[in-house]
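Residue numbers (the numbering used here): 47 to 896.
Note that CB positions come from ideal geometry on N, CA and C, so glycine has one too.
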């Protein structure tokens with residue numbers, strides 16, 4: 047059979063090609079397509095099989111460049127007539143459409159309009175064809191299978207040249223007054239719930255060929271693409287509309303088509319009215335539901351009636367993503383310092399939902415009605431300093447806002463901090479009840495803290511064992527409600543109490559000692575938090591040395607210290623205690639630094655004793671009181687670090703919970719891309735939340751591929767646009783424009799006193815820690831507990847982020863390693879191999895001559 051009716055059941059890919067098979071499917075479904083017929087691939091095969099034509103085609107394709115082969119093959123086709131029996135069938139099929147009906151003749155290859163490859167525009171189309179011109183148009187369509195572009199495209203996509211064939215679709219030509227293309231998903235953003243319509247005057251060739259700027263209308267769709275719901279309610283609501291400058295249009299002539307100028311009064315007039323837009327959007331929805339995938343559709347309009355002349359799946363459609371960006375909620379100052387240093391990664395949705403619970407319990411004053419102090423910007427954790435400054439202004443505490451820098455790091459000189467859009471009295475009325483509640487809460491949780499810290503490790507181990515032993519989803523959900531959530535909440539509340547106890551004693555004691563004893567002696571006197579009980583921040587390096595010395599075994603190390611790591615808040619990442627390779631890698635580095643941590647601690651003990659002796663000589667009457675203050679200071683630091691460690695241990699139990707939920711439900715690691723509330727919904731038998739996993743995973747991967755964002759963000763921030771800017775800054779982004787230039791000097795907070803000269807080693811992440819050789823100066827954006835094993839090798843530490851109470855400062859001070867933290871620009875100004883002088887007492891970094 048050399049021809050088939052347009053809607054024939056036999057008109058599949060093999061006989062009718064991609065375009066023809068699609069039109070046949072539309073016609074059989076009763077959708078509006080112009081009448082016509084197919085010239086099948088059997089007709090093509092019969093044509094090329096005669097007189098060795100196919101062999102000569104293959105010789106040209108395999109032995110010549112595409113351009114030369116195309117010219118040779120075109121000449122071969124032009125010199126041959128279509129076989130008489132095929133010509134007779136084509137004429138008869140055309141006659142059945144009516145007397146000398148003008149038609150469109152379109153190529154339809156067997157390797158086009160496929161879900162993964164469109165081959166759009168690779169073959170030819172001829173319009174307004176009549177009479178004997180139809181046979182010539184069919185032959186030219188067959189020849190267009192071998193254009194240079196088509197040959198090269200197939201080669202690039204791995205399609206064998208000898209396996210393709212061409213059908214031809216012949217359809218009644220619609221004398222359209224308007225035409226265009228539409229996409230049932232937004233091809234730019236990937237949004238499946240939007241339909242994008244392009245429209246222009248005349249036939250559609252000017253739009254498809256790019257000769258005109260069409261109208262563009264974005265309307266609401268069903269968001270289907272997977273079979274649809276059949277409910278078109280709300281489809282066609284206009285989201286965005288742009289009227290193009292439609293300078294030319296394709297019109298019919300007696301012998302074909304031509305381009306002519308659009309009349310001036312039509313150039314800037316919308317082609318479609320709202321009712322037509324809605325009708326076209328509903329037609330698009332029907333087509334998508336028929337195919338079960340987002341579609342690219344060519345349409346025409348004649349006298350108010352719409353017809354479809356082509357439909358194919360959208361290829362390489364950008365994966366739909368969500369927007370995780372709380373900077374869009376207002377013009378605020380956000381910082382990634384402090385807690386952001388402990389959560390340095392792009393968070394999975396599961397982790398973010400758990401962090402929100404953590405913040406609600408460990409920072410119960412972090413929200414005012416209508417405002418929040420924490421946010422998710424491009425998947426990363428930020429804190430809203432505009433809340434802190436607004437409260438300080440409202441309570442008349444502007445002078446005390448300098449203490450914010452002790453916690454969150456230094457703000458650029460002259461930075462105008464945007465305040466909340468709320469009156470002073472609104473803020474006071476919101477803050478006072480929170481303050482009274484907080485005092486009672488802290489008092490209660492401080493009394494409970496010793497008991498919690500004494501039992502937390504065993505409690506976590508027991509919960510992990512019981513999670514692993516759960517046999518049903520209902521049992522696991524019940525364990526969450528009855529025990530795991532209460533344990534997690536208590537850990538968070540204990541951390542809040544540990545950090546709040548003593549009021550401002552951490553800042554005040556340090557400032558008082560510095561005034562009395564000077565910077566260097568004050569910092570030495572404040573060390574020793576590890577002497578009266580292990581400081582959790584030092585646990586990993588002390589534990590590794592104990593393991594290397596044979597004092598403890600690997601199981602004990604994993605149990606005591608295996609919950610701490612560089613990515614300890616991110617529940618999708620294995621804990622060091624789960625990963626033997628992590629322990630092996632750290633143990634391999636211990637021999638080169640054997641006893642280094644112990645030696646540093648011993649050296650710092652001697653420096654501390656000498657500083658106390660000098661203090662006693664100068665202030666004999668203040669020694670006893672000062673020792674009590676420092677002991678209290680150390681106890682608070684130790685409690686805070688211990689409580690933080692137990693919160694992280696709780697996150698290990700939370701990770702175990704999600705892993706077990708994935709096993710019991712069969713959803714595996716997909717559950718990391720759901721919130722904890724959605725995971726509980728799945729455990730209770732409703733799988734609906736899992737439909738969001740693909741979009742969430744794509745969103746996570748999109749943000750994770752970007753570099754770490756600036757420490758400070760002011761106003762609305764676009765992570766992708768910032769990352770694409772060659773002049774981007776890693777210290778600050780200010781949407782208001784302007785801002786201070788990047789300083790040529792590197793200065794920051796005195797993190798730990800001492801002066802040292804050495805070679806710079808810029809380390810991007812703890813996974814690259816083996817690049818740091820003993821005696822080099824560690825320069826990085828931030829550090830957290832996962833960086834601690836590197837510290838004994840470092841001659842000094844310099845960070846972009848940080849403050850006197852940050853991880854780098856505490857650990858460096860205890861080990862007696864000079865540190866300068868919160869420079870803002872160290873990684874922008876320093877390079878591997880630079881020789882620098884670090885002064886941890888003055889907070890300066892000096893670049894030395896080579």
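{"query": "Where the beta strand (DSSP E) containing residue 804 begins and where it ends", "result": "801 to 808"}
{"query": "Opening and closing residue of the beta strand (DSSP E) in which residue 479 lies", "result": "No beta strand (DSSP E) holds residue 479; the alpha helix (DSSP H) holding it covers 470 to 515."}
{"query": "Selected residue, minimal CA-CA separation from residue 339, among 319, 363, 824", "result": "363"}
{"query": "From 76, 116, 57, 102, residue whose alpha carbon lies closest to that of residue 87", "result": "57"}
{"query": "Whole-angstrom distance between residue 599 and residue 888, CA atom to CA atom", "result": "42 Å"}
{"query": "Residue 315 - DSSP class collapsed to helix/strand/coil", "result": "coil"}
{"query": "Proximal residues to residue 515 (C-beta, below 6 Å), its chain only, five neighbours per side dropped", "result": "none"}
{"query": "Three-way DSSP call (helix, strand, coil) for residue 890 in this model", "result": "strand"}
{"query": "Touch test, the stretch 614 to 632 against the stretch 836 to 846, Cβ-Cβ under 8 Å, three pairs minimum", "result": "no"}
{"query": "Span separating the alpha-carbon of residue 792 from that of residue 823", "result": "14 Å"}
{"query": "DSSP beta-bridge partners of residue 798", "result": "865"}
{"query": "Residue 165 burial status per 10 Å Cβ neighbour count (16 or more: buried)", "result": "Reliability of the predicted coordinates at residue 165 is poor, the pLDDT of 44 falling under 50, and no value is obtained from them."}
{"query": "Residues near residue 726 in its chain [Cβ-Cβ closer than 7 Å; skip 5 each side]", "result": "523, 526"}
{"query": "Which residues DSSP lists as bridging residue 84, in chain order", "result": "50, 215"}
{"query": "Nearest-angstrom Cβ-Cβ length linking residue 266 and residue 285, presumed shorter than 8 Å", "result": "6 Å"}
{"query": "Touch test, the stretch 86 to 104 against the stretch 199 to 219, Cβ-Cβ under 8 Å, three pairs minimum", "result": "yes"}
{"query": "Sequence ranges, alpha helix (DSSP H) only - wholly within the stretch 689 to 736, length at least 4", "result": "722 to 729"}
{"query": "Of the listed residues 370, 99, 703, 453, nearest to residue 12 (C-alpha basis)", "result": "In this structure the chain extends from 47 to 896, so residue 12 is not present and cannot be described."}
{"query": "Classification of residue 665 by the beta-carbon crowding that lies within 10 angstroms, buried from 16 upward", "result": "exposed"}
{"query": "Same chain, Cβ closer than 8 Å to residue 423, neighbours up to 5 away in sequence not counted", "result": "370, 371, 372, 373, 380, 755, 759, 763, 765"}
{"query": "Residue environment, residue 296, which counts as buried when at least 16 other CB atoms sit within 10 Å", "result": "buried"}
{"query": "Cβ pair count under 8 Å reaching 3, the stretch 682 to 690 against the stretch 705 to 714", "result": "no"}
{"query": "Three-state class that DSSP yields for residue 847 in the structure shown", "result": "coil"}
{"query": "At least three beta-carbon pairs within less than 8 Å, the stretch 502 to 513 to the stretch 459 to 471", "result": "no"}
{"query": "Boundaries of the alpha helix (DSSP H) in which residue 247 is found, first to last residue", "result": "Taken as a continuous stretch (DSSP letters only), residue 247 belongs to no alpha helix (DSSP H), being part of the beta strand (DSSP E) at 240 to 247."}
{"query": "Status (buried if at least 16 other CB within 10 Å, exposed otherwise) for residue 490", "result": "exposed"}
{"query": "Residue burial classification, residue 867 (beta-carbon count within 10 angstroms, cutoff 16)", "result": "buried"}
{"query": "Inter-residue Cα distance where the pair is residue 500 and residue 686", "result": "14 Å"}
{"query": "N- and C-terminal bounds of the beta strand (DSSP E) containing residue 344", "result": "341 to 348"}
{"query": "Separation of residue 566 from residue 434, as counted between CA atoms", "result": "31 Å"}
{"query": "Where the beta strand (DSSP E) through residue 103 begins and ends", "result": "No beta strand (DSSP E) contains residue 103, which is instead part of the alpha helix (DSSP H) from 99 to 109."}
{"query": "Beta-carbon gap between residue 117 and residue 148 smaller than 8 Å", "result": "no"}
{"query": "Cα-Cα separation, residue 573 to residue 869", "result": "23 Å"}
{"query": "Cα-Cα separation, residue 151 to residue 355", "result": "11 Å"}
{"query": "Buried or exposed (CB count within 10 angstroms, at least 16 for buried), residue 366", "result": "buried"}
{"query": "Residue 246 versus residue 154: straight-line alpha-carbon distance, rounded", "result": "25 Å"}
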